[in-house]
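**Q**
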Amino acid sequence: MTDPPRADLHAHTTASDGALGPEALVRLAASRGVAVLAVTDHDSVESVERAVAEGARSGVRVVPGVELSVRVPHGSMHLLGYFAQARPPALVERLEALRAGRLRRAERMVAALCDLGAPIDLDAVVARAAGAVGRPHLADELVAAGHVASRQEAFERYLGDGAAAWVPAEGLGPDEAVALVRAAGGAPALAHPASLRLDRAALAATVQRLAARGLAGIEVHRPEHLPERRDEYAALARRLRLVATGGSDFHDPRGPNAPGDTGRPPLPLDAIDRLMDAAGA
Ligand code: AMP
Ligand code: ZN
Ligand code: FE
Ligand code: FE
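In the numbering used here, the protein residues as written are 189 to 469.
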């Protein structure tokens, strides 16, 4: 018996904090039976064209995507956007400013680390990023400088949401981010709802507001979701008529999840089509 083809609507490359370039990501996904793969780098679409080209060679349908940082008062919020085009002009013209905001945030976190007795060099952090700079790049530099033993320790002690050197993300406001994806002709979906750190009622209220603004989907199928969470988000999706999306959030072959790992039950293969239809994208 051969395994059914898999879908994965959340994966990173070296254009942000992923370890693989676009060709290597798509080939790895193909080898794992992924038939539909969205490339969703943080605030960048730089890998999309090459991933689409590799998809044509490897037999993977590559969906152009992005993961936008959203400014929220606590926790963190990421908005996924999916597009028919590799470089939607209305989106591309905003991404450079968002990456500049990431650099400012990194600079502020480096300053905070210095005050905390864990100095690292901003240029060395930036050199680790081929594209959009992010906290994993700072974490790796903290390891290299000997301040922590692992990336995980770096997040626990310094960089995780609310930790000592954490600085909230800049970026668009929630409504603005949804509007940007829609204006660029795309379908917006809320990534990892748990990162908002809201209780059930507050999350539902927030997602309902975003749905009224044009949010089309919410991540339900993620490998780390326990059944209770998954069912909560699935029920919210049904109630608000959002498409249940999901993905592996793959970053690194050495990490816990591989492309195509979307938990159980896995992400349905046609989720992307239902999502694009729902958004009129
Ligand atoms: P940033 O976009 O700079 O806020 O960084 C977000 C990225 O950091 C996520 O995509 C994860 O790859 C990583 N990350 C966030 N929180 C943690 C954590 N607690 N432990 C390990 N990695 C994390
Ligand atoms: Zn990431
Ligand atoms: Fe994310
Ligand atoms: Fe991600």
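Glycine included, every Cβ here is placed at the ideal spot set by N, Cα and C.
Taking a contact to mean a Cβ-Cβ separation below 8 Å, would you say residue 250 touches residue 214 in this structure?
**A** Yes; because the gap between Cβ atoms is below 8 Å, this pair is in contact.
**Q** Let's see if you can read the secondary structure: which residues bound the beta strand (DSSP E) around residue 257?
**A** Segment 249 to 258, the beta strand (DSSP E) holding residue 257.
**Q** Does the beta-carbon of residue 255 have 16 or more other beta-carbons within 10 angstroms, so that it is buried, or is it exposed?
**A** By the 10 Å Cβ count, residue 255 comes out buried.
**Q** In whole angstroms, give me the CA-to-CA distance for residue 451 and residue 457.
**A** Using only the alpha carbons, I get a separation of about 14 Å.
**Q** Classify residue 416 as buried or exposed, calling it buried when 16 or more other Cβ atoms lie within 10 Å of its own Cβ.
**A** Residue 416 should be labelled exposed.
**Q** Based on Cα-Cα distance, which residue from 414, 411, 434 lies nearest to residue 405?
**A** If we check each option's Cα against that of residue 405, 434 comes out closest.
**Q** On the criterion of 16 or more Cβ atoms from any shown chain inside 10 Å, does residue 359 qualify as buried, or is it exposed?
**A** Buried is the call here.
**Q** According to DSSP, residue 230 sits in a beta bridge with which residue or residues?
**A** Note: residue 230 sits in a beta bridge opposite 255.
**Q** Suppose only complete runs of 4+ residues qualify. What are the alpha helix (DSSP H) ranges in the region 257 to 339, listed by chain order?
**A** Within the region 257 to 339, the complete alpha helix (DSSP H) runs of at least 4 residues are 277 to 303, 310 to 316, 323 to 332.
**Q** What does the alpha-carbon distance come out to for the pair residue 381 and residue 265?
**A** So the two alpha carbons sit approximately 8 Å from each other.
**Q** Please list the terminal residues of the continuous alpha helix (DSSP H) segment that includes residue 393.
**A** First-last of the alpha helix (DSSP H) with residue 393: 388 to 400.
**Q** Rounded to the nearest angstrom, how far is the Cβ of residue 205 from that of residue 325, given a contact under 8 Å?
**A** Indeed, because the Cβ distance is near 6 Å, the residues count as touching under 8 Å.
**Q** Ordered along the chain, which non-local residues of its own chain (more than five positions away) have a Cβ less than 6 Å from that of residue 372?
**A** Contacts found: 276, 278, 279.
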